[in-house]
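Student:
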């Protein structure tokens, strides 16, 4: 290891674990001692990561307020350093942290709100791809439909949520009256996607959610029709599957059909 690499390693160890080995490389003065100089860097690192969290979770930050969000950020930074080259992706485990940390388990909606905000971030940042339309499927031979499988746009996400986090997120984002936190009797299935430059979301009926999950896992159109038989009359399954498929195509969710 070169001297520069060794110094960089010591500096990283200091920032992440408060290792004392860096002190030997720092010169203090009468006005600013070694410990003070190092604390300036440590505090700047902590604040920069909290700032990144606030950027990635603006609604959660607004909901908690500045002081409480800084407390949350400090605890998260202490538990998770940044493994990414880009700070844009810092905070990917915040929902998991909120769901497990004893300080926050009494407010489970916070974890679900974090899951929701991160999904919105992922959808916004996901790679672009050209969707296909109904005309592309019109060229598929009738005897090929049963084995047809679909490729999905990178900006498609599915979440099952017990709390009304999306409604709270929407109200806080729009600065309108915020509904009270509400626990649903059953999980609500949500679809989040980006079409061109806009992000959309909507809730799904159980049949569509099951079909979408199966299609995204690689099941064929024939298998999807069989699955739909569990949610209604067997004779109607192909027509219902085709209806869902048209909806997905219209929303730009599908990029290949083979």
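Numbering (the working numbering), first residue to last: 154 to 411. C-beta atoms are modelled at their ideal positions from N, C-alpha and C, and glycine is treated no differently. Small disclaimer: the values here were computed from a predicted structure and weren't measured.
1) Rounding to the nearest angstrom, what Cα-Cα distance links residue 225 and residue 302 in this structure?
2) Give the C-beta separation of residue 359 and residue 378 to the nearest angstrom, bearing in mind that I take them to be a contact with Cβ-Cβ under 8 Å.
3) Could you check whether residue 336 and residue 357 sit closer than 7 Å to each other, using their CB atoms as the reference points?
4) Which residues mark the beginning and the end of the beta strand (DSSP E) in which residue 355 is found?
5) Is residue 374 helix, strand or coil by DSSP?
6) Nearest-angstrom Cα distance between residue 397 and residue 361?
7) From the DSSP output, read off the bridge partner residues of residue 348.
8) Going along the chain, which unbroken runs of the alpha helix (DSSP H) with 4 or more residues stay wholly within the stretch 239-297?
9) Decide if the stretch 368-384 is in contact with the stretch 239-256; the criterion is three or more beta carbon pairs, one per stretch, under 8 Å apart.
10) Would you call the stretch 198-216 and the stretch 227-245 touching, i.e. three or more CB-CB distances under 8 Å?
11) What residues in its chain sit with their C-beta under 8 Å from that of residue 270, if we drop five residues either side in the sequence?
12) Would you say residue 203 and residue 282 are within 7 Å of each other, going by their C-beta atoms?
13) For the stretch 305-337, list the alpha helix (DSSP H) runs that are entirely contained and at least 4 residues long, ordered along the chain.
14) Three or more beta-carbon pairs under 8 Å between the stretch 258-277 and the stretch 308-328, yes or no?
15) Could you name the residues of the same chain whose beta carbon sits closer than 8 Å to that of residue 139, not counting the 5 residues immediately before and after it, in chain order?
16) How many angstroms separate the CA atom of residue 233 from the CA atom of residue 199?
17) Where does residue 236 fall in DSSP's three states?
18) Does residue 406 pass the burial test, meaning 16 or more other C-beta atoms within 10 Å, or should it be called exposed?
19) Return the residue from the list 219, 230, 216 that minimises the CA-CA distance to residue 197.
20) Over what stretch of residues does the beta strand (DSSP E) that includes residue 410 continue unbroken?
21) Determine whether the beta carbon atoms of residue 290 and residue 410 lie at a separation below 7 Å.
22) In angstroms with no decimal places, state the Cα-to-Cα distance between residue 246 and residue 276.
23) What residue range is occupied by the uninterrupted alpha helix (DSSP H) comprising residue 394?
Tutor: Result, derived from the coordinates:
1) Numbered from 1 along the chain shown, position 72 holds the residue referred to as residue 225. Numbered from 1 along the chain shown, position 149 holds the residue referred to as residue 302. Rounded to the nearest angstrom, the two C-alpha atoms are 43 Å apart.
2) As a first step, residue 359 is located in the chain shown; it is residue number 206 there, counting from the start. As a first step, residue 378 is located in the chain shown; it is residue number 225 there, counting from the start. Incorrect: roughly 17 Å between the Cβ atoms, too far for contact.
3) Counting from 1 along the chain shown, the entry for residue 357 is found at position 204. Counting from 1 along the chain shown, the entry for residue 336 is found at position 183. Not a contact, by the Cβ cut-off of 7 Å.
4) Counted from its first residue, the chain shown places residue 355 at position 202. Run containing residue 355: 351-357, per the beta strand (DSSP E) assignment.
5) As a first step, residue 374 must be located in the chain shown, where it is residue number 221. It is helical.
6) By 1-based counting over the chain shown, the position of residue 397 is 244. By 1-based counting over the chain shown, the position of residue 361 is 208. If I take the Cα positions, the gap works out to 7 Å.
7) Within the chain shown, the letter at position 195 stands for residue 348. Beta-bridge pairing links residue 348 to 351.
8) 247-253, 261-278, 287-291
9) In short, these stretches do not touch, since the Cβ pair count stays below three.
10) Under the Cβ criterion (8 Å, minimum of three pairs), the stretch 198-216 counts as touching the stretch 227-245.
11) Here residue 270 corresponds to residue number 117 of the chain shown, with the count starting at 1. Excluding sequence neighbours, residue 270 sits near 209, 210, 211, 212, 213, 322.
12) Sequence index remark: in the chain shown, residue 203 carries index 50 (1-based). Sequence index remark: in the chain shown, residue 282 carries index 129 (1-based). Not in contact: residue 203 and residue 282 (Cβ atoms no closer than 7 Å).
13) As far as the stretch 305-337 is concerned, its whole alpha helix (DSSP H) runs of at least 4 residues are 318-327.
14) yes
15) Residue 139 is absent from the structure shown; the chain starts at 154 and stops at 411.
16) Position 80 of the chain shown, counted from the first residue, corresponds to residue 233. Position 46 of the chain shown, counted from the first residue, corresponds to residue 199. Roughly 11 Å between the two C-alpha positions.
17) As a first step, residue 236 must be located in the chain shown, where it is residue number 83. Under the three-state reduction of DSSP output, residue 236 falls in the coil class, being neither helix nor strand.
18) For the purposes of this step, residue 406 is identified with residue 253 of the chain shown, where counting begins at 1. Classification for residue 406: buried.
19) Taking the chain shown and counting its residues from 1, one reaches residue 197 at position 44. When only C-alpha atoms are compared, the closest one is 230.
20) On the chain shown, residue 410 is found 257 positions in, with the first residue counted as 1. Segment 407-410, the beta strand (DSSP E) holding residue 410.
21) The residue given as residue 290 occupies position 137 in the chain shown. The residue given as residue 410 occupies position 257 in the chain shown. Annotated as proximal: residue 290 and residue 410, with beta-carbon spacing under 7 Å.
22) Here residue 246 refers to the residue found at position 93 of the chain shown. Here residue 276 refers to the residue found at position 123 of the chain shown. If you take the alpha carbons of residue 246 and residue 276, they lie about 16 Å apart.
23) For this step, residue 394 is matched to residue 241 along the chain shown. Residues 390-403.
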